[in-house]
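Student:
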Amino acid sequence: MLEATGLGCVRGDRRLFTDVNFALSPGSLLQVQGPNGSGKTSLLRLTCGLLAPAEGHIRWQGASIRSLGEDYFKSLSYIGHRNGLKEELTPIENLRVTSGLAGTELSQQEATNVLGKIGLSGREHLPARLLSEGQRRRTALARLLTCKTSLWVLDEVLTSLDSSAVRFVTSLIEEHLNKGGIAVIATHHELDLSANSYHRLDLAS
Amino acid sequence: MFRWIVVRDLTLAWKGRVDVLSTLFFFLIVVSLFPLGIGPETYLLRLIAPGVVWVAALLASMLSLGRLFANDYQDGTLEQLLLTPQPLYLVVLGKGLALWLVSGVPLALLSPVLAIQFGLSGNTLFVLVVSLLLGTPVLALIGSIGAALTLGLRGGGLLISILVLPLCIPVLIFGAGAVDASIMGSGVQGSLSLLGALLVLSLVFAPWATAAALRISLE
Numbered sequence: 001m002l003e004a005t006g007l008g009c010v011r012g013d014r015r016l017f018t019d020v021n022f023a024l025s026p027g028s029l030l031q032v033q034g035p036n037g038s039g040k041t042s043l044l045r046l047t048c049g050l051l052a053p054a055e056g057h058i059r060w061q062g063a064s065i066r067s068l069g070e071d072y073f074k075s076l077s078y079i080g081h082r083n084g085l086k087e088e089l090t091p092i093e094n095l096r097v098t099s100g101l102a103g104t105e106l107s108q109q110e111a112t113n114v115l116g117k118i119g120l121s122g123r124e125h126l127p128a129r130l131l132s133e134g135q136r137r138r139t140a141l142a143r144l145l146t147c148k149t150s151l152w153v154l155d156e157v158l159t160s161l162d163s164s165a166v167r168f169v170t171s172l173i174e175e176h177l178n179k180g181g182i183a184v185i186a187t188h189h190e191l192d193l194s195a196n197s198y199h200r201l202d203l204a205s
Numbered sequence: 206m207f208r209w210i211v212v213r214d215l216t217l218a219w220k221g222r223v224d225v226l227s228t229l230f231f232f233l234i235v236v237s238l239f240p241l242g243i244g245p246e247t248y249l250l251r252l253i254a255p256g257v258v259w260v261a262a263l264l265a266s267m268l269s270l271g272r273l274f275a276n277d278y279q280d281g282t283l284e285q286l287l288l289t290p291q292p293l294y295l296v297v298l299g300k301g302l303a304l305w306l307v308s309g310v311p312l313a314l315l316s317p318v319l320a321i322q323f324g325l326s327g328n329t330l331f332v333l334v335v336s337l338l339l340g341t342p343v344l345a346l347i348g349s350i351g352a353a354l355t356l357g358l359r360g361g362g363l364l365i366s367i368l369v370l371p372l373c374i375p376v377l378i379f380g381a382g383a384v385d386a387s388i389m390g391s392g393v394q395g396s397l398s399l400l401g402a403l404l405v406l407s408l409v410f411a412p413w414a415t416a417a418a419l420r421i422s423l424e
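So the protein sequences, as listed, match chains A and B.
At position 59 of the first sequence the residue is numbered 59 (my numbering), and the sequence of numbers has no breaks.
Numbering-wise, my numbering comes out as the position in the second sequence, counting from 1, plus 205.
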């Protein structure tokens, strides 16, 4: 259960939004929309605890995420609009390191299999800087296949993906929701998926 | 999980080994310039050796600090590190350990070869290596606070040195002091124990301060 009450965000001397409320139970999806600069990324970073809210609270399973600290991060996967990949490392190395840090150890073979599923066969041993933008995005998203977290926070994950990858990621999110996960997604794309409870939040209004 | 952060940073250091080597080369050049500039005055060289080697080590370790968090900050991996399900303290400690392994340790191991130019005896060379092995991790740990505070600022590299160098003065005094004492033939335990104490202190407090600074820098 993820709850936000009276959330407000100030960046510099600009007020991005005030009084944002949502409550997400297991299996629900929140799609955050709004024009550029309306604070979508800031809202997602607030949800992750990377940013402290100017006002309001975010609670996870009833406890404030600030007080939960690392316990909250155990159930959280965040993919930002920067992919969080090391350019010098290969997709295999990137995936093994990020999974290892998140607490899921992957062998070389397991990492290769996961990357195969997300359509990167044959590219596993190239440094990430030689990959195309879409392939880098796929490498970053490969983490979602290995993690056991119940809250996914995804920032513009569908940009620079081709249509087959968009379908794959959408089905991945759908599966996550069906298993009782929660997802908070900022995207301009229409998400073509069936969720039991599909919330939309428009930051422009 | 701690292992992964060390492995990651060591792999990255290996892939970008030009940076690591240039730090070592800087140390080598600075230390070698003094005997060349002063000439074969054995007495004078022996007198200034501890200070010269230690100051060069201090400056060389400043060079590698700028990269400690800046690259991770730019590609978004630092955000991911902040969100790992383990205390940020350990992440920072892991990064500090990796930094020390690729900058401090090679520097300490190279130092006796360079110090021969100053006519130091075998025993003193040994004390020099020990003092550097105790002192360079402190430099890395204190430096990481500066690196975290100046993250994302323009001219961060110079700012780190201005912030961190004054804090490193005790390390310099006791490090050079130990080598000095060895040259004079007096006891070195005092200075080395104090260096060890500084190491323990900075192991406890520096990662904690760095973690707090990182959270602020990333807001």
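We put the beta carbon where it would ideally sit given N, CA and C, even for glycine.
Could you have a look at C48/A and say whether DSSP puts it in helix, strand or coil?
Tutor: helix
Student: Please state the DSSP three-state secondary structure of E174/A.
Tutor: helix
Student: Counting only beta-carbon separations shorter than 8 Å, does A52/A have a partner in chain B?
Tutor: yes
Student: Is any heavy atom in the ligand FAD found nearer than 7 Å to the beta carbon of I92/A?
Tutor: What this structure holds is no ligand at all, so the ligand FAD is not there to describe.
Student: Relative to chain B, which residues along the stretch 75 to 86 of chain A have a C-beta separation below 7 Å, given in chain order?
Tutor: L76, Y78, G80, R82, N83, G84, L85, K86
Student: So is G299/B buried or exposed if we call it buried at 16+ other beta carbons inside 10 Å?
Tutor: G299/B is buried by the Cβ-count criterion.
Student: Quickly, what does DSSP pair A63/A with across the bridge? List them, please.
Tutor: W60/A
Student: Among C48/A, S64/A, K40/A, T98/A, which has the Cα closest to the Cα of R208/B?
Tutor: T98/A
Student: Taking only beta-carbon positions, decide if D385/B is within less than 8 Å of chain A.
Tutor: Under the 8 Å criterion on CB atoms, D385/B is classed as non-interfacial with respect to chain A.
Student: Taking C-beta pairs closer than 9 Å, name the residues in chain B that E93/A reaches, listed in chain order.
Tutor: R213, T216
Student: What does the Cβ neighbour count give for N113/A, buried or exposed, with the cut at 16 atoms within 10 Å?
Tutor: exposed
Student: Where does A195/A fall in DSSP's three states?
Tutor: Coil at A195/A, not helix or strand.
Student: Taking three-plus beta-carbon pairs below 8 Å as touching, is the stretch 304 to 313 of chain B in contact with the stretch 100 to 115 of chain A?
Tutor: no
Student: Determine the direct distance from the alpha carbon of L263/B to that of N328/B, and round the result to whole angstroms.
Tutor: Cα to Cα, N328/B sits roughly 22 Å from L263/B.
Student: I'd like to check one pair, R138/A with A102/A: are the Cβ atoms closer than 8 Å?
Tutor: no
Student: Relative to the alpha-carbon of S197/A, which residue among I182/A, A186/A, E190/A, A204/A has its alpha-carbon at the smallest distance?
Tutor: Nearest of I182/A, A186/A, E190/A, A204/A to S197/A, Cα basis: I182/A.
Student: How many Å lie between Q135/A and R200/A at the Cα?
Tutor: 29 Å
Student: At the 8 Å Cβ level, is C48/A part of the contact set with chain B, yes or no?
Tutor: yes
Student: State the CB to CB distance for the pair L177/A and G27/A, rounded to an integer number of angstroms; the pair is presumed to be in contact (CB under 8 Å).
Tutor: At roughly 5 Å, the Cβ-Cβ gap stays under 8 Å, so L177/A and G27/A are in contact.
Student: Does the contact criterion of 3 or more C-beta pairs under 8 Å hold for the stretch 38 to 47 of chain A versus the stretch 265 to 272 of chain B?
Tutor: Counting Cβ pairs under 8 Å, fewer than three are found: no touch.
Student: Would a check of beta-carbon distances place G437/B closer than 8 Å to chain A?
Tutor: For residue 437/B there is no data in the structure shown, the boundaries of chain B being 206 and 424.
Student: Express the C-alpha separation of G380/B and L337/B in angstroms, rounding to a whole number.
Tutor: 7 Å
Student: Would a check of beta-carbon distances place L145/A closer than 8 Å to chain B?
Tutor: no
Student: Cβ of L377/B within 8 Å of Cβ of W259/B?
Tutor: yes
Student: Taking a contact to mean a Cβ-Cβ separation below 8 Å, would you say I365/B touches A411/B in this structure?
Tutor: no
Student: Suppose contacts are defined by Cβ-Cβ distances below 8 Å. Is M206/B in contact with Q291/B by that definition?
Tutor: yes
Student: Please tell me whether V343/B and P255/B are closer than 8 Å, where the distance is taken between their beta carbons.
Tutor: Contact flag unset, no.
Student: Please work out which residues of its chain come closer than 7 Å, Cβ to Cβ, to G401/B, disregarding the five sequence neighbours upstream and downstream, and give them in chain order.
Tutor: L339
Student: What does the Cβ neighbour count give for K117/A, buried or exposed, with the cut at 16 atoms within 10 Å?
Tutor: exposed
Student: List in chain order: all unbroken alpha helix (DSSP H) runs of 4+ residues lying wholly within the stretch 71 to 149 of chain A.
Tutor: 91 to 102, 108 to 117, 133 to 146
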